[in-house]
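Novice: Numbering (full-length UniProt numbering), first residue to last: 1 to 310.
1) Only counting runs of 4 or more residues, tell me where the alpha helix (DSSP H) segments fall wholly within the segment 174-235, in order along the chain.
2) Using the DSSP secondary-structure output, state which residues sit across from residue 35 in a beta bridge.
3) Is residue 154 helix, strand or coil by DSSP?
4) Near residue 10, what residues of its chain come up, given a Cβ to Cβ distance below 6 Å and the 5 sequence neighbours on each side ignored?
5) So, is the C-beta of residue 264 closer than 8 Å to a C-beta in chain D?
6) With C-beta atoms as the reference, is residue 195 less than 8 Å away from residue 203?
7) What are the boundary residues of the alpha helix (DSSP H) that includes residue 114?
8) Tell me the rounded alpha-carbon separation between residue 285 and residue 241.
9) Using only the alpha-carbon positions, how far apart do residue 95 and residue 106 sit?
10) Please name the residue in 82, 50 and 73 whose C-alpha comes closest to that of residue 61.
11) Applying the criterion that 16 or more other CB atoms from any shown protein chain within 10 Å of the CB defines a buried residue, is residue 189 buried or exposed?
12) Is the number of C-beta pairs between the segment 50-60 and the segment 16-33 that are closer than 8 Å three or more?
13) Spatial neighbours of residue 137 within its chain, please: C-beta separation below 8 Å, excluding the five flanking residues on both sides.
14) Extract the residue ranges of the alpha helix (DSSP H) inside the segment 36-118, only unbroken runs of 4 or more that lie entirely within it.
15) Which residues bound the beta strand (DSSP E) around residue 2?
16) Rounded to the nearest angstrom, how far is the Cβ of residue 44 from that of residue 76, given a contact under 8 Å?
17) Return the first residue and the last residue of the beta strand (DSSP E) that residue 302 is part of.
18) Evaluate residue 125 with the Cβ neighbour count: other Cβ atoms within 10 Å of its Cβ, from every protein chain shown; 16 or more gives buried, anything less gives exposed.
19) May I have the straight-line CA-CA distance separating residue 199 from residue 17, to the nearest angstrom?
20) With H, G and I counted as helix, E and B as strand and the rest as coil, what does DSSP make of residue 298?
21) Hey, would you say residue 254 sits closer than 8 Å to residue 20, going by beta carbons?
22) The beta strand (DSSP E) that contains residue 128, what's its start and end?
23) Which class does residue 23 belong to by DSSP, given the choice of helix, strand or coil?
24) Is residue 161 buried or exposed, if buried means 16 or more other CB atoms sit within 10 Å of its CB?
25) Which class does residue 137 belong to by DSSP, given the choice of helix, strand or coil?
26) Using C-beta distances below 6 Å, list every residue in its chain close to residue 276, excluding the 5 sequence neighbours before and after it, in chain order.
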């Protein structure tokens, strides 16, 4: 079974206006509410591929109930920890320009954090845990290393997709897969400039040398890179009009892990994942998969030699 963990869940409110004007009543032309959070997106994408998962993490108040109810209506199992407060609502406005308002969400008590850790400690050996997204108020990065240690002890595959200042504690648990984007990978090594392809491979392999079993680097319009100790694969991205970059990495990760778990060869899983990520980028929300076969024809997978030198 695949479990997704979203500690900082959210509702995303998308609104369309002709123009945003100060000191006026601004009436919207269109609105859409979506359950969100990176792990939530992974569970939804897995479901669209017919792959079961259980969504866990923290939810609060009536907005948290909306997220849980929305997932259950999609026949996605949930096992959230309920906390005090209200799960955040993020607002994305398209008017004369695009405006993004992202709230911080509720603070999570140590007691509630412990409840989540206990749930993770009960996952069965051989299962996969995908921890994805930002950390909420009150939760330190140390929890990610603790989760990794529990997964290693219990034989659970630990997949991590988040922005943190240091991966040292996480790498000690030999995570099954890390999925940074280009900026996150540079940040892990305190590199300020944009990484070249050679540097992406170099720093990706640094993560493997330090403990990661696999690394999947999302690159937006430039595709993706997959690395393990023996393999370096580059995937090109299909071309199209980008409407939404926020969920593309979640779609990439969900598709890759879901198909790998089903025994799909890594080259084929990477190609389908890259096509699905692109499909999401070309959509208002997560891909409905209708254009994935067409986009898949545009994805090229190249196996490359690699070097440990920059």
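Quick reminder that beta carbons are idealized off the backbone N, C-alpha and C, glycines included.
Specialist: So, from the data block:
1) DSSP runs (the alpha helix (DSSP H)) wholly in the segment 174-235: 182-188 and 197-209.
2) 11.
3) helix
4) 36, 37, 88 and 90
5) Among the protein chains of the structure shown there is no chain D, as only one such chain exists.
6) yes
7) 110-121
8) 14 Å
9) Their backbone Cα atoms lie some 29 Å apart in a straight line.
10) 82
11) exposed
12) In short, these stretches do not touch, since the Cβ pair count stays below three.
13) 104, 105, 106, 107 and 108
14) 38-48 and 61-73
15) Where residue 2 is concerned, the enclosing beta strand (DSSP E) stretches over 2-6.
16) 7 Å
17) 301-303
18) With fewer than 16 Cβ atoms within 10 Å of its Cβ, residue 125 is classed as exposed.
19) The straight-line gap from Cα to Cα measures roughly 42 Å.
20) Three-state result, residue 298: coil.
21) no
22) Unbroken beta strand (DSSP E) run through residue 128: 128-132.
23) coil
24) With 16 or more other Cβ atoms within 10 Å, it is buried.
25) coil
26) 251, 255, 287 and 292
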